[in-house]
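Input: a single structure, listed below in structure tokens.
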Amino acid sequence: MRKKLFGIFMVILFFGVTITGYISYNFTKKIILKNTQDNLKTECKLLEDSFKANSGELDLFVKNMGAIINKRITIINKDGLVLGESETKEKNIENHSDRPEIIDALKSGEGFSTRHSETEDQTMYYYARRVEKDGLVYILRLSVQVNVIENMLLEYLKLLLIAAIAGAIICTVLVYLYVNIITKPIRMLTRLSTTIALGQYEKRISITSKDEIGQLGHAFNIMAKRLQETITELSDKQSKLISILTSMDDGVIVIDNTEKILLINSAAQKLFESVDDLTGKYFIEATRNKEIHELVNAIPDEDVEITINHPIIKYLRIRTKRVINSNENLGVMLFIQDITKIKSLEQMRSDFVANVSHELKSPLTSLKGCAETLKYVEDKPTRDKFLDIIYIESERLTRLINDILTLSDLENKESLINFEKINVNKAAEEIFYIMEPAANSKEISIKLELESKEIFIYGDRDKFKQMMINLVDNGIKYTNKGGKVKIKTLKLDKRVKIIITDNGIGIPKKNISRLFERFYRVDKGRSREMGGTGLGLAIVKHIVQLFDGKISVESSIGNGTSFILDFPSGETDL
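Residues in the sequence shown are numbered from 1439 upward in steps of one, following the numbering used here.
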């Protein structure tokens, strides 16, 4: 660092001296030229007085005056003819009307120029002044050789170079001493930094100066203290991170860009039945599974479920993420969840639905076949009796199967839900006409009370009808002969409400909270007698949730029941 600082200071010194010398030289040159110009003007004014007083020969006058002021003097008339010249003996001097200084003097009273003189055969500095005498116009011109001015500048340049060299030598010595002084604490900081880098974080530097170096030493001590605290904190966080990873049920694996394992927790090791520490080994060695290895290169956006067969069959849900630090790709992190138990439960549930459906469909087919056969029996009372029983049972079994399949479909959300804008009033009218025959058969009055203007919700039209039919059918079933069932639609702010009310037997308050559980019946005997499956309200609840709505029940024994459906309005398009 000393060499670098010394070099920088010397470069700065060189440029400083060079620029200062250059500016000084040019400034002095301007001063000398200005002084020369002022002297010529002053001498020319004095010469003007003598010229006006002279009555003798002009050539003799200029020679005498040139010897006195040691300048070349020329007198020229307005036509450019030389009337007197102090430095030449030639009689026939060429016309000077084209000389720049003469032209300027005739125009403005005075003129300057620097040019090569043909008479003197060297570069001259000229000053010309316009003078009037006895009604005639003359030009008095003084000139001096440029090399005289240059000699003066050369002498000044020599002095300037001597001063610069002497100053540079002195400054070099001072710079060397100053660099040593200023870098001494920096060398101390360097040695201490090396000591701290080797792990001795308790070391501190002692600098008593109050300048920037002292402030640097103070800042260094603060940095060393913070570093010690940070290292301690990082060690503590690392211990906590290891504890968290160890206690996690899900596996976590981090691999670098060469597919070597940087980090693996105990849960991941257990998934792959590994006893040895897999850190530092290649990922493919740990998993021994081609599908999992391909995820590292693909990095899918979604979780991927993979089945492994070694050492035992397991179902894994894996999510992969790139590990990026300041736009630098450090590797890939894998989150591995063992979903073997979940898969087993899902399989059990799927098998249950499939088995129930299969078991129920077989007798259903037989019952319907018997019903068709019995229609040809000659004994009409016997035939009709068995036909009625078979038909009733087959219808009940069909409803049960359909309800189970519908509920399973809604819970798993595997069916394609065709959402559209549903005209609630129009759909309610359709439900009214569908359910009116069933109500009339029980001598129950069914009424429709619709909002005055059209109202809409978003949902699946078929499932909306299924939901409404289930609720209205419940009202008809549990209302005695001569009762009433009402369908009412309302628009409140940005919500749509549908209320199905009956004046039937009602529901005890203690049973309302369980009303939407599958296979739950308030009166089991009456429900079966009326053909209920116990799944109707569970289906209604799932459909309401699918439409992002709410359902509530108001009921009391003997006073009937009201089901209130609340949906967001669908006035605007999705």
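We put the CB at the ideal spot given by N, CA and C, even for glycine.
A quick note: this is a predicted structure, and the numbers were derived from the prediction, not measured.
Report yes or no: do the region 1552-1568 and the region 1579-1588 share at least 3 C-beta pairs separated by less than 8 Å?
yes
Which class does residue 2006 belong to by DSSP, given the choice of helix, strand or coil?
What you label residue 2006 is simply residue 568 of the sequence shown in a count that begins at 1. Looking at residue 2006 - three-state DSSP - the assignment turns out to be strand.
Please list the segments of the beta strand (DSSP E) lying wholly inside the region 1554-1578, counting only runs of 3 or more residues, in order along the chain.
1560-1571
contact_flag[the region 1692-1707, the region 1716-1724] where n(CB pairs < 8 Å) is 3 or more:
yes
In chain order, what residues of the same chain lie with their CB nearer than 8 Å to the CB of residue 1500, ignoring the 5 residues before and after it?
Mapped onto the sequence shown, residue 1500 falls at position 62. Cβ within range, chain order: 1511, 1512, 1513, 1522, 1523, 1524.
Could you pull out every residue in the same chain whose Cβ sits closer than 6 Å to the Cβ of residue 1575, ignoring the five residues on either side in sequence?
Position 137 of the sequence shown, counting from 1, holds the residue named residue 1575. Correct list, in chain order: 1516.
Per DSSP, what kind of secondary structure is residue 1725 in: helix, strand or coil?
For the purposes of this step, residue 1725 is identified with residue 287 of the sequence shown, where counting begins at 1. Of the three classes helix, strand and coil, the one that applies to residue 1725 here is helix, per DSSP.
Just verifying my parser: in three-state terms, what is the DSSP assignment at residue 1549?
For this step, residue 1549 is matched to residue 111 along the sequence shown. Looking at residue 1549 - three-state DSSP - the assignment turns out to be strand.
Do residue 1856 and residue 1894 have their CB atoms nearer than 8 Å?
Residue 1856 sits at position 418 when you count from the first residue of the sequence shown. Residue 1894 sits at position 456 when you count from the first residue of the sequence shown. Taking 8 Å as the Cβ cut-off, residue 1856 and residue 1894 do not qualify as a contacting pair.
Considering Cα atoms alone, identify which of 1942, 1899, 1768, 1684 is closest to residue 1694.
The residue given as residue 1694 occupies position 256 in the sequence shown. Minimum Cα distance to residue 1694 is reached at 1768.
Rounded C-alpha distance that separates residue 1914 from residue 1733:
Position 476 of the sequence shown holds residue 1914. Position 295 of the sequence shown holds residue 1733. Cα to Cα, residue 1914 sits roughly 57 Å from residue 1733.
Residue 1802 in three-state terms, based on DSSP:
One-based indexing of the sequence shown puts residue 1802 at position 364. Residue 1802: helix per DSSP, three-state reduction.
Among the residues of its own chain, which have a CB less than 7 Å from the CB of residue 1881, if the five just before and after it don't count?
Indexing the sequence shown from 1 puts residue 1881 at position 443. 1919, 1920, listed in sequence order.
Quick one, are the C-beta atoms of residue 1979 and residue 2004 less than 8 Å apart?
As a first step, residue 1979 must be located in the sequence shown, where it is residue number 541. As a first step, residue 2004 must be located in the sequence shown, where it is residue number 566. In terms of Cβ geometry, residue 1979 and residue 2004 do not form a close pair [threshold 8 Å].
Spatial distance of residue 2000 from residue 1810 (CA atoms)
Taking the sequence shown and counting its residues from 1, the one referred to as residue 2000 is at position 562. Taking the sequence shown and counting its residues from 1, the one referred to as residue 1810 is at position 372. Near 41 Å, if we compare the C-alpha coordinates of residue 1810 and residue 2000.
Give, in chain order, every unbroken run of the beta strand (DSSP E) that is at least 3 residues long and sits entirely within the region 1909-1997.
1922-1930, 1933-1940, 1988-1993
So what's residue 1476 in DSSP terms, helix, strand or just coil?
Position 38 of the sequence shown, counted from the start, is the residue given in the question as residue 1476. Looking at residue 1476 - three-state DSSP - the assignment turns out to be helix.
What is the C-beta distance between residue 1743 and residue 1757, in whole angstroms, given that I count them as a contact (C-beta under 8 Å)?
Taking the first residue of the sequence shown as position 1, residue 1743 is located at position 305. Taking the first residue of the sequence shown as position 1, residue 1757 is located at position 319. Not a contact, Cβ separation roughly 11 Å.
Pick helix, strand or coil for residue 1667, following the three-state DSSP scheme.
Locating residue 1667 in the sequence shown gives position 229, counting from the first residue. Helix, per DSSP.
Under the assumption that residue 1994 contacts residue 1944 (Cβ atoms under 8 Å), give the Cβ distance between them as a whole number of angstroms.
Here residue 1994 refers to the residue found at position 556 when the sequence shown is read from its first residue. Here residue 1944 refers to the residue found at position 506 when the sequence shown is read from its first residue. About 5 Å separates the two Cβ atoms, so the contact holds.
Cβ-based neighbour list, residue 1479, same chain, cut-off 8 Å, excluding 5 preceding and 5 following
Locating residue 1479 in the sequence shown gives position 41, where the first residue counts as 1. Cβ neighbours of residue 1479 beyond the five flanking positions: 1548, 1565, 1567.
Tell me residue 1510's beta-bridge partners as DSSP assigns them.
Translated into the one-based positions of the sequence shown, residue 1510 becomes position 72. Answer is 1581.
With DSSP collapsed to three states, give me the class of residue 1521.
As a first step, residue 1521 is located in the sequence shown; it is residue number 83 there, counting from the start. Three-state DSSP puts residue 1521 in a strand.
Bridge partners - residue 1775, DSSP secondary structure assignment:
Translated into the one-based positions of the sequence shown, residue 1775 becomes position 337. Residue 1775 pairs with 1755.
So, residue 1802 versus residue 1836, is the Cβ gap smaller than 8 Å?
Here residue 1802 refers to the residue found at position 364 when the sequence shown is read from its first residue. Here residue 1836 refers to the residue found at position 398 when the sequence shown is read from its first residue. Yes, they are a contact pair.
Could you check whether residue 1929 and residue 1885 sit closer than 8 Å to each other, using their CB atoms as the reference points?
In the sequence shown, the residue the question calls residue 1885 occupies position 447. In the sequence shown, the residue the question calls residue 1929 occupies position 491. No, these two residues do not count as a Cβ contact at 8 Å.
Grab the span of the alpha helix (DSSP H) containing residue 1720 for me, first residue to last.
As a position in the sequence shown, residue 1720 is number 282, starting the count at 1. Counting along the chain, residue 1720 falls outside any alpha helix (DSSP H), and DSSP gives it neither H nor E.
Nearest candidate by alpha-carbon position, reference residue 1916, set 1887, 1876, 1623:
Within the sequence shown, the letter at position 478 stands for residue 1916. Residue 1876 is the option with its Cα nearest to residue 1916.
For residue 1760 and residue 1741, the rounded distance between their alpha carbons:
Position 303 of the sequence shown holds residue 1741. Position 322 of the sequence shown holds residue 1760. For the pair residue 1741 and residue 1760, the Cα-to-Cα distance works out to about 14 Å.
Are residue 1503 and residue 1485 touching if we call contact CB-CB under 8 Å?
Here residue 1503 refers to the residue found at position 65 when the sequence shown is read from its first residue. Here residue 1485 refers to the residue found at position 47 when the sequence shown is read from its first residue. Going by C-beta atoms, residue 1503 is nearer than 8 Å to residue 1485.
Find out if the Cβ-Cβ distance for the pair residue 1869, residue 1907 is shorter than 8 Å.
Residue mapping note: residue 1869 aligns to position 431 of the sequence shown, counting from 1. Residue mapping note: residue 1907 aligns to position 469 of the sequence shown, counting from 1. Yes, these two residues count as a Cβ contact at 8 Å.
How close, in whole Å, do the beta carbons of residue 1812 and residue 1832 come, if the pair is a contact with beta carbons under 8 Å?
As a working mapping, residue 1812 is identified with position 374 in the sequence shown. As a working mapping, residue 1832 is identified with position 394 in the sequence shown. Contact flag wrong, Cβ pair sits at about 12 Å.
In the DSSP assignment, find the unbroken beta strand (DSSP E) run with residue 1708 in it and report its ends.
Position 270 of the sequence shown, counted from the first residue, corresponds to residue 1708. First-last for residue 1708: 1704-1709, but that is the alpha helix (DSSP H), not the beta strand (DSSP E).
Can you determine whether any heavy atom of the ligand GTP sits closer than 7 Å to the C-beta of residue 1734, and answer yes or no?
In the structure shown, the ligand GTP is absent, as is every other ligand, since no ligand is present at all.
Taking the CB atoms as reference points, tell me whether residue 1705 and residue 1716 lie closer together than 8 Å.
By 1-based counting over the sequence shown, the position of residue 1705 is 267. By 1-based counting over the sequence shown, the position of residue 1716 is 278. No, the Cβ-Cβ distance between residue 1705 and residue 1716 is not below 8 Å.
Helix, strand or coil: how does DSSP classify residue 1714 here?
Within the sequence shown, the letter at position 276 stands for residue 1714. Residue 1714 falls in the coil class under three-state DSSP.
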